[in-house]
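Asker:
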């Protein structure tokens with residue numbers, strides 16, 4: 216019988232650090248978020264590849280998508296259960312060439328992979344209670360504002376390039392809008408400047424799927440035992456999201472109406488190939 220999944224896949228203090236480094240935001244005063252919430256002593260996890268030039272003019276910031284983290288490149292190991300999510304693009308002689316450029320990737324605020332998020336302990340709480348549902352709403356602008364602290368830690372006044380896809384691309388655009396003097400070039404990939412009504416609707420359906428899972432516990436499940444997290448709701452939310460990642464034409468070209476196991480007649484449980492994609 217397979218082992219039960221942990222209630223959360225978040226990185227916690229005490230877990231292997233791996234290649235992470237950490238920057239701190241709001242140590243001297245609360246960091247005020249766009250939505251009005253406040254956070255104290257924010258930790259930002261980040262990783263680097265390559266060598267920073269003496270004038271810091273070769274620094275490239277990589278911004279990750281919704282389910283990413285700071286581990287954009289490199290192998291799996293302690294603290295990093297899987298290989299870097301852009302391993303094919305980042306490295307010596309690759310598109311983002313670490314022989315030429317100093318590459319940085321930070322886990323976003325709220326990302327829970329070393330950066331402060333709902334799974335993090337509330338500062339000063341005697342029981343080291345996780346924020347859970349009390350964690351304030353974070354915007355893409357907030358993510359970018361905290362990434363400035365990483366640049367300061369590294370001595371980077373201006374990024375040679377900021378690049379990212381999907382939610383990472385949204386961060387790229389915000390860098391250009393909020394801090395144009397701190398970037399030389401931008402590479403936003405598969406992204407937009409604002410969510411459409413349809414995107415908002417799909418996002419709402421995904422959140423509802425998670426909230427209907429009884430193990431969601433109103434958002435306070437981070438200290439639950441293995442197998443006690445809202446995995447079923449998250450799986451359904453992921454399937455809903457998968458529908459938004461490709462256009463109707465791409466779905467038709469790739470899957471058509473092909474079934475997994477053709478039957479002699481119709482069946483309620485007959486599965487189409489596109490359904491397998493939704494289970495990925």
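Residue numbers (the numbering used here): 216 to 495.
The beta carbon of each residue, even a glycine, is placed where N, CA and C say it ideally should be.
Just so it is clear, the structure is predicted and the values come from calculations on it, not from any experiment.
May I ask whether a heavy atom of the ligand ATP can be found less than 7 Å away from the beta carbon of residue 322?
Answerer: What this structure holds is no ligand at all, so the ligand ATP is not there to describe.
Asker: Once you ignore the five residues that flank residue 288 on each side, which residues in its own chain have a CB closer than 7 Å to its CB?
Answerer: Cβ within range, chain order: 264, 299, 301, 302, 305 and 306.
Asker: Between the segment 428-441 and the segment 222-240, do at least 3 Cβ pairs fall closer than 8 Å?
Answerer: Yes: the two stretches touch, three or more of their Cβ pairs being nearer than 8 Å.
Asker: How many Å lie between residue 462 and residue 468 at the Cα?
Answerer: The alpha-carbon atoms of residue 462 and residue 468 are separated by roughly 10 Å.
Asker: Grab me the residues of residue 384's own chain with a C-beta within less than 7 Å of its C-beta, minus the 5 sequence neighbours each way, in chain order.
Answerer: Excluding sequence neighbours, residue 384 sits near 403, 404, 405 and 406.
Asker: Report the start-end ranges of each beta strand (DSSP E) in the segment 245-301 that is 3 residues or longer and not cut off at the edges.
Answerer: With a minimum length of 3 residues, the continuous beta strand (DSSP E) runs that stay inside the segment 245-301 are 257-264 and 274-278.
Asker: Can you list, in chain order, the residues of its chain with a C-beta nearer than 7 Å to that of residue 449? Leave out the 5 residues immediately preceding and following it.
Answerer: Taken in chain order, the residues that qualify are 425.
Asker: Can you name, in chain order, every residue of its own chain whose Cβ lies under 7 Å from the Cβ of residue 272, other than the five neighbours on each side?
Answerer: 375.
Asker: Where do the ends of the beta strand (DSSP E) carrying residue 236 lie?
Answerer: Residue 236 -> beta strand (DSSP E) spans 236-240.
Asker: Assign residue 459 to buried or exposed, taking buried as 16 or more other Cβ atoms, counted over all protein chains shown, within 10 Å of its Cβ.
Answerer: Exposed is the call here.
Asker: One question on the structure: do residue 356 and residue 396 come within less than 8 Å of each other, judged by their Cβ atoms?
Answerer: Their beta carbons are not under 8 Å apart, which means residue 356 does not touch residue 396 by this criterion.
Asker: Decide if the segment 234-245 is in contact with the segment 255-269; the criterion is three or more beta carbon pairs, one per stretch, under 8 Å apart.
Answerer: Yes: the two stretches touch, three or more of their Cβ pairs being nearer than 8 Å.
Asker: Please name the residue, chosen from 477, 248, 489 and 470, that lies closest to residue 352 on a Cα-to-Cα basis.
Answerer: Among 477, 248, 489 and 470, the Cα nearest to that of residue 352 is on 248.
Asker: How long is the line joining the alpha carbons of residue 464 and residue 277, rounded to whole angstroms?
Answerer: The alpha-carbon atoms of residue 464 and residue 277 are separated by roughly 30 Å.
Asker: With 16 as the cutoff for other CB atoms within 10 Å, does residue 284 come out buried or exposed?
Answerer: By the 10 Å Cβ count, residue 284 comes out buried.
Asker: Return helix, strand or coil for residue 445, following the three-state DSSP convention.
Answerer: Here residue 445 sits in coil by DSSP.
Asker: Taking residue 486 and residue 474 to be in contact with their CB atoms under 8 Å, please state how far apart those CB atoms are, rounded to whole angstroms.
Answerer: Their Cβ separation, rounded to whole angstroms, is 7 Å, which keeps residue 486 and residue 474 in contact under 8 Å.
Asker: By a C-beta neighbour count over all protein chains shown, 10 Å radius and 16 as the cutoff for buried, is residue 365 buried or exposed?
Answerer: Classification for residue 365: buried.
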